[in-house]
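Accompanying notes for the structure given below.
Protein chains in written order, with the numbering used here: chain H, 76 to 556; chain D, -11 to 529.
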């Protein structure tokens, strides 16, 4: 055999085309440097526990007991686990069909889905149907599944915000579809202008693309902006007019750092609008245990909720879920605990509240430290992180730097980020990984490094940036917005 | 559950004509018409040309409706949790609401390899380690020494040291925690006697996502074919359909204990090629599902040679490697066989799948598994890594469990004896249940059942009288689905009709697991025999 059974040339083209910068070039380079002994600060991915955030105590206690139910028979178990933890472990075990080791219903444990529905009802003021809530191994799997259901081929387009979290671009490419970008307005705090949506949609149609769905990420990733109710109403109407499914990625709904725009779910706004709109829009909403103040990325717990999807389509979605049998049961229990946390009066409540608030308050402070730190650099403009976990500063690069980047065969923001990494160990993701306007450069960093390390990190960054500008700036002017 | 199941059942019964005829066609090539289906569906894009109007979601032009859903999703089938299970769940609901309303007290799910849902206990040592790694705070407490075995505590520490920051809640490396992959590689080497590279290992949420990844990589269009055994575990047919490829069936020989004849595989390969199909890979499930046969080493060598010569990727589903019930057979991994033939990275592209769901550990709900990918060039491996990275990583608890399964307690460890007793207890019980059920099935009129040498299933062949076949046709069902439904309605036993797995056209089977607890087996056998006699009495010619 002269050629290998599976060589690069004969791979699925969609796989070759797909990109996922979050664990791409910068991350790989950072890992190499780490192996060589360099201290790396990984700010490339929203992975709180990797940067020292501690897991909440209560859920870990409950899941540990569920893992080892024989402990419940030991008279000494009360020394290690408070009574409400023991009760909760028994509750979840009773909801399973054989403990953590049995495949559950392919949609997830019915009792947990009921808890999710109750959470959604409390949050939005409208009842939610557990039958239309599917638990998944992380929200990403749910996103992939819905996109796979919608996309038939390359003439199907999905409207995606730019900048976007590159799961969307990767998943659309893997499924053979077309990404239709709509730009967020950096100068308006990454606001969504419905005219941009209309333009993007019209342009896609003129190219023969059938736009099938629209993605919103609220709060935004990497941009952090929270959508206003007005914005949500406009885009809901737009989706109904254009016959689009609305995919609402709301995984950061618990990460809000200002009071002007609290989180309001797309579902609530839709239902507030009443019939006929509330019955017309097809909506899928996504949530996870990976973000918020839980940060339990490694558990792979998530769900999607479907609104106004016809029963036959739900059946098809169920069918595909059944091929994977079931989402992981511990992750499902984390989800149950997240939507149904300790309440006032519970033994574990005070500690839980203290731990949760501690994380959120600290995130808020870190969001501020980072934004201010970036804005104090003369060539950097950074919108405030209203929500989510990231900072997405715009780096204005002098022409000499851009030339150097081109010479090195690298996109200018990649060039900048690689130099930043090598000088300081700070591992970011270049803005090109998320999409941005032509000639404008950003990087994405998380606000997750430990609070006590933040000042030093920002100092280190500023020092690098000053030196970089010293090297490449000849005062001819910067790359402009 | 009720509303969904009731509606789904109604809908499924409406679809029964198309689905039953479609599923019995499973062994056939999926026809090449799906690409032309795209142009059919673009008629719904008429809304693109219309001026924007208040197209109210529900109805023909709704954004996600059957008319415009991805046709590959429509084509994909998965019988293990299909129609008959939906009906069983409805009956179970009925039993809860109205006890005594059915001729049985409980539904016995024999449709799915889900041991712990039927009372099998997890391995204590594994769960101790998982509890400790889930809640490492207690490792510092003195009470912990009293509640957990010392080697579990030690193993938990060792694992936590392999995880950066001991943070089990953090996304890991997209291939899985390096230290855990080291452990798995060492386990593979201990099992096979040939080295394994941790960089070849990709930890996944169960083995199934690994299979999907490989199908995604291999299938470019319907012209790409994947050779699959018939009968097969329908993850393969479903995954191939979802990725838009073509399933190229090769029949296992029921007369020779579900033997795999390389000449048959070659015949099917050549026929596919003559139709313009580019055959990319060969799936082998060893031990087999649903068929339970364990391949002999000579057979495996022929398969390896065949793949090497024909330039096929060998996809070796080895999730039942620890479920062998006959002393005359042993598990040999395809990696071991290839290496023992002197074939290395340059000679054969091989992907081996393993899972924590089966064996004696049966930890289905954990979604732990891995694929070991060997014989691919660096640029291909980069692509596999890239696809894995989009999902960031598999669940950490499952990763830890995979490492435990591949390196369980050893002689001399504190937990070894109790671990060993638990393991042997489960495996010997499975062997007994396999034999009891096999004998019972073979005693039924018109039924023959090959031995379950391994795995967790029996796949008896039922020969139905002409009258029964006609009754099935009248009910618009495949004969084995008709039989399985009657079995369910009269005994509460849930099996999966053979058409869900593929079978030689004109033959009928069903798959039944060997998993109900041992004390339930006599009752199952009794009910089964009683039902079968009644059925045959009713339909005998």
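Every residue, glycine too, gets a C-beta built ideally from N, C-alpha and C.
- Task: Would you list the residues sitting across from residue 498 of chain D in a DSSP beta bridge?
- Result: D/485
- Item | Distance CB(residue 460 of chain H)-CB(residue 466 of chain H) smaller than 8 Å | yes
- chain A contacts from the stretch 371 to 401 of chain D (Cβ-Cβ distance under 8 Å): Considering every chain present, this structure includes no chain A. Its protein chains are H and D.
- Item | Residues that residue 139 of chain H contacts on chain D, provided the C-beta gap is smaller than 7 Å | 119, 122, 123
- Task: Taking only beta-carbon positions, decide if residue 224 of chain D is within less than 8 Å of chain H.
- Result: no
- Task: May I have the straight-line CA-CA distance separating residue 251 of chain H from residue 58 of chain D, to the nearest angstrom?
- Result: 11 Å
- Please state whether DSSP places residue 345 of chain H in a helix, a strand or coil. helix
- Any C-beta of chain D under 8 Å from that of residue 366 of chain H: no
- Contact list for the stretch 284 to 301 of chain D against chain H, Cβ threshold 9 Å: 295, 296, 297, 298, 299, 300, 301
- residue 293 of chain D (DSSP reduced to helix, strand or coil): helix
- Query: Between residue 520 of chain H and residue 118 of chain H, which are expected to be in contact by the criterion C-beta below 8 Å, what is the C-beta distance as a whole number of angstroms?
  - Reply: 4 Å
- Item | Three-state secondary structure (DSSP) of residue 155 of chain D | coil
- Query: Do we get a CB-CB distance below 8 Å when we pair residue 91 of chain H with the residues of chain D?
  - Reply: yes
- Should residue 193 of chain D be flagged as near chain H, meaning a C-beta pair shorter than 8 Å? yes
- Message: Assuming contact is defined by CB atoms lying nearer than 8 Å, are residue 276 of chain H and residue 355 of chain D in contact in what I supplied?
- Response: no
- Item | C-beta atoms of residue 275 of chain D and residue 442 of chain D nearer than 8 Å | yes
- Message: Under 8 Å, with one C-beta from each stretch per pair, do the stretch 473 to 483 of chain D and the stretch 402 to 412 of chain D reach the 3-pair mark?
- Response: no
- In chain H, what lies closer than 9 Å to residue 204 of chain D by C-beta? 87, 89, 90, 249
- Message: Distance cutoff 8 Å, beta carbons only. Does residue 354 of chain D sit that close to anything in chain H?
- Response: yes
- Please list the partners that residue 419 of chain H has in chain D, where partner means a Cβ-to-Cβ separation under 8 Å. Result: empty, since nearest Cβ-Cβ is about 24 Å, beyond 8 Å.
- Task: Taking C-beta pairs closer than 9 Å, name the residues in chain H that residue 64 of chain D reaches, listed in chain order.
- Result: 391, 394, 395, 398
- Message: For residue 100 of chain D, which residues in the same chain have their Cβ closer than 6 Å to its Cβ, ignoring the five residues on either side in sequence?
- Response: 68
- How do the stretch 302 to 315 of chain D and the stretch 262 to 273 of chain D stand: do at least 3 beta-carbon pairs fall below 8 Å, yes or no? yes
- Any C-beta of chain H under 8 Å from that of residue 22 of chain D: Because residue 22 of chain D sits at a pLDDT of 30, beneath the cut-off of 50, its placement in the model cannot be relied upon, and the following sentence gives the value as read from the coordinates. No, no contact with chain H.
- Task: Please compile the residues from chain D whose C-beta is within a distance smaller than 7 Å of the C-beta of residue 406 of chain H.
- Result: 383
- Item | Exposure of residue 522 of chain D, with buried meaning 16 or more beta-carbon neighbours within 10 Å | exposed
- Item | chain D within 8 Å of residue 118 of chain H, Cβ atoms only | no
- Query: Expressed to the nearest angstrom, what Euclidean distance is found between the alpha-carbon atoms of residue 453 of chain D and residue 232 of chain H?
  - Reply: 53 Å
- How would you list, in chain order, the residues of chain H whose beta-carbon sits under 7 Å from the beta-carbon of residue 134 of chain D? 151
- Item | Proximal residues, the stretch 306 to 324 of chain H versus chain D, C-beta separation under 7 Å | 315, 316, 317, 318, 319, 320
- Evaluate residue 304 of chain H with the Cβ neighbour count: other Cβ atoms within 10 Å of its Cβ, from every protein chain shown; 16 or more gives buried, anything less gives exposed. exposed
- Query: Which residues in the same chain as residue 188 of chain D place their Cβ atom closer than 7 Å to its Cβ, once the five residues preceding and following it in sequence are excluded?
  - Reply: 360, 361, 362
- Message: What would DSSP say about residue 515 of chain H, mapped onto helix, strand or coil?
- Response: coil
- Item | Under 9 Å from the C-beta of residue 225 of chain H: neighbouring residues of chain D | 51, 52, 56, 57, 58
- Message: With the cut-off set at 8 Å, would you say residue 563 of chain H and residue 321 of chain H are in Cβ contact?
- Response: With chain H covering only 76 through 556, there is no way to say anything about residue 563 of chain H.
- Message: I need the boundaries of the alpha helix (DSSP H) containing residue 166 of chain H, first residue and last residue.
- Response: 158 to 170
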